[in-house]
Amino acid sequence: MNWDHHVVLRRRFWQWQAGMLMFVVGNVANFVARGQAKAFSATMVVNKSVQVPAVHNAPLCIDADMTICVSCCAAFASQSLLTGLGSVQFVSNLLFVVLVLKEKVPLRCILATFLIVAGNVLLVVFGSKTSPKYTVSQLAALYRQDSMAAYMIMAYGGVVPLAFTLYLYGQQTKRLMPTRTFALWSKALPVLYALFSSILGAHAVLFATSLCIIIVDLIEGSDVFTQWYTYLVVIGIIGMSIFWVGQLDRGLLLFPAVVIVPMLEIQWVLFIMVSGGLYFGDFEIFSKLQLAMFGVGVFVLLLGIFCLIPDAGPEAPALEEALRAAGFGRDEAD
Numbered sequence: 358m359n360w361d362h363h364v365v366l367r368r369r370f371w372q373w374q375a376g377m378l379m380f381v382v383g384n385v386a387n388f389v390a391r392g393q394a395k396a397f398s399a400t401m402v403v404n405k406s407v408q409v410p411a412v413h414n415a416p417l418c419i420d421a422d423m424t425i426c427v428s429c430c431a432a433f434a435s436q437s438l439l440t441g442l443g444s445v446q447f448v449s450n451l452l453f454v455v456l457v458l459k460e461k462v463p464l465r466c467i468l469a470t471f472l473i474v475a476g477n478v479l480l481v482v483f484g485s486k487t488s489p490k491y492t493v494s495q496l497a498a499l500y501r502q503d504s505m506a507a508y509m510i511m512a513y514g515g516v517v518p519l520a521f522t523l524y525l526y527g528q529q530t531k532r533l534m535p536t537r538t539f540a541l542w543s544k545a546l547p548v549l550y551a552l553f554s555s556i557l558g559a560h561a562v563l564f565a566t567s568l569c570i571i572i573v574d575l576i577e578g579s580d581v582f583t584q585w586y587t588y589l590v591v592i593g594i595i596g597m598s599i600f601w602v603g604q605l606d607r608g609l610l611l612f613p614a615v616v617i618v619p620m621l622e623i624q625w626v627l628f629i630m631v632s633g634g635l636y637f638g639d640f641e642i643f644s645k646l647q648l649a650m651f652g653v654g655v656f657v658l659l660l661g662i663f664c665l666i667p668d669a670g671p672e673a674p675a676l677e678e679a680l681r682a683a684g685f686g687r688d689e690a691d
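Sequential numbering of the sequence shown, starting at 358, is according to my numbering.
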């Protein structure tokens, strides 16, 4: 990227701190709201004589408000820095299991939590604290960068159609396969499903970050409504978000929540970081030390999420309960 065409802003210390704080609080509040709504729903099913309290919609209001809060964070901190912080929801899930459900958390989950926290610390310390200021036309032009163009071609011209084709093939033919081949395909299908879903879902975050920049440009007096890219961003956010939520919901019907949720989260986080870092040029302004340690942080973070994927064993019920308490998966009462 030619930085001569952009104004590179070093965010004030309080700005990127505020963005991080808003992002973490928003994710945790969303988790709490979903958990409260889930618990209230279960109570009403078990005891139909319980009267509906006047504030029963409060969790939904909190959920909506905090979603807006999370979306606004892109105006304060870079996308590559914020993305990893979304994994705090897994730490919240485990705390919910311990403090509310009074379940015993296995050692594997404690190790995973430590890795997630350590990965987030590395991302915060070595992540980008700068952000270029763009106009709408410059945002559209960023897709013509060599690195971003190569990513788009590989992701949308190669990985997405290939993963989707293999997934359809496996779903349609796995029951006709020998036992060993069937077992391999059963493990590969969640990975393939999460792969093409996460690449498309990650682009919704890229559009959302662009929209925050466009809104700032609008506030500063630019006529953003005459630019075609403004409308593409709005349509892209709506379309990609609906697709991502639909894929998550469908994935929970097709696969166990303890498998598909971490799998989707791992790949979603990875592709958000890669696409955001390439599109906004975060990686180009990293020093060699920053780039290396940021990569280590991403690896440690994803390893922590991976450790939450249980084998068939005693950990599965606790993790399943944690994900269900956070609003993932299906309960018999639903």
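Glycine included, C-beta positions come from ideal geometry on N, C-alpha and C.
Whole-number beta carbon distance between residue j and residue i, since they are thought to touch under 8 Å
i, j, result
"V493", "T587", "6 Å"
"F564", "V590", "5 Å"
"F651", "G476", "No, F651 and G476 are not in contact; Cβ-Cβ is about 10 Å, not under 8 Å."
"L472", "L660", "5 Å"
"G527", "L546", "5 Å"
"I594", "V581", "Not really, about 15 Å apart at Cβ, beyond 8 Å."
Simplified DSSP assignment, three categories, for residue i
i, result
"K531", "helix"
"K490", "strand"
"D639", "coil"
"G580", "A quick correction: the sequence has Asp, not Gly, at residue 580. In this structure, D580 counts as coil in the three-state DSSP scheme."
"S398", "Any answer about S398 is weak, because its pLDDT of 44 lies below 50 and its placement is not dependable; what the coordinates show is given next. Three-state DSSP puts S398 in a helix."
"K544", "helix"
"K645", "helix"
"G633", "helix"
"C664", "coil"
"A551", "helix"
"A411", "Confidence is the limiting factor: at A411 the pLDDT is only 43, short of 50, which leaves the residue's position unreliable, though a coordinate-based value still follows. DSSP places A411 in coil when its eight states are reduced to three."
"Q495", "helix"
Residue i classed as buried or exposed, judged by whether at least 16 other C-beta atoms fall within 10 angstroms
i, result
"Q604", "buried"
"Y524", "buried"
"V602", "exposed"
"S543", "exposed"
"S644", "exposed"
"E622", "buried"
"A669", "Residue placement at A669 is flagged as unreliable, the pLDDT there being 48, under the threshold of 50; the coordinate-derived value follows with that caveat. Exposed."
"G654", "buried"
"Y508", "buried"
"D574", "buried"
"L646", "exposed"
"I467", "exposed"
"Y491", "buried"
"I317", "It is not possible to answer for residue 317, since the shown part of the chain is limited to 358 through 691."
"L658", "buried"
"L568", "buried"
"V615", "buried"
"L464", "exposed"
Residue j beta carbon less than 9 Å from that of residue i
i, j, result
"S555", "L609", "no"
"W625", "A559", "yes"
"Q502", "G638", "yes"
"F663", "A540", "no"
"M505", "Y636", "yes"
"M597", "A551", "no"
"V548", "M630", "no"
"L648", "F600", "no"
"A497", "W585", "yes"
Start-to-end residues for the alpha helix (DSSP H) that takes in residue i
i, result
"Q502", "Counting along the chain, Q502 falls outside any alpha helix (DSSP H), and DSSP gives it neither H nor E."
"F600", "585 to 611"
"A475", "464 to 483"
Short CB-CB distance (under 9 Å) between residue i and chain B
i, result
"L479", "Annotation note: the requested chain B is absent from the structure, which comprises a single protein chain."
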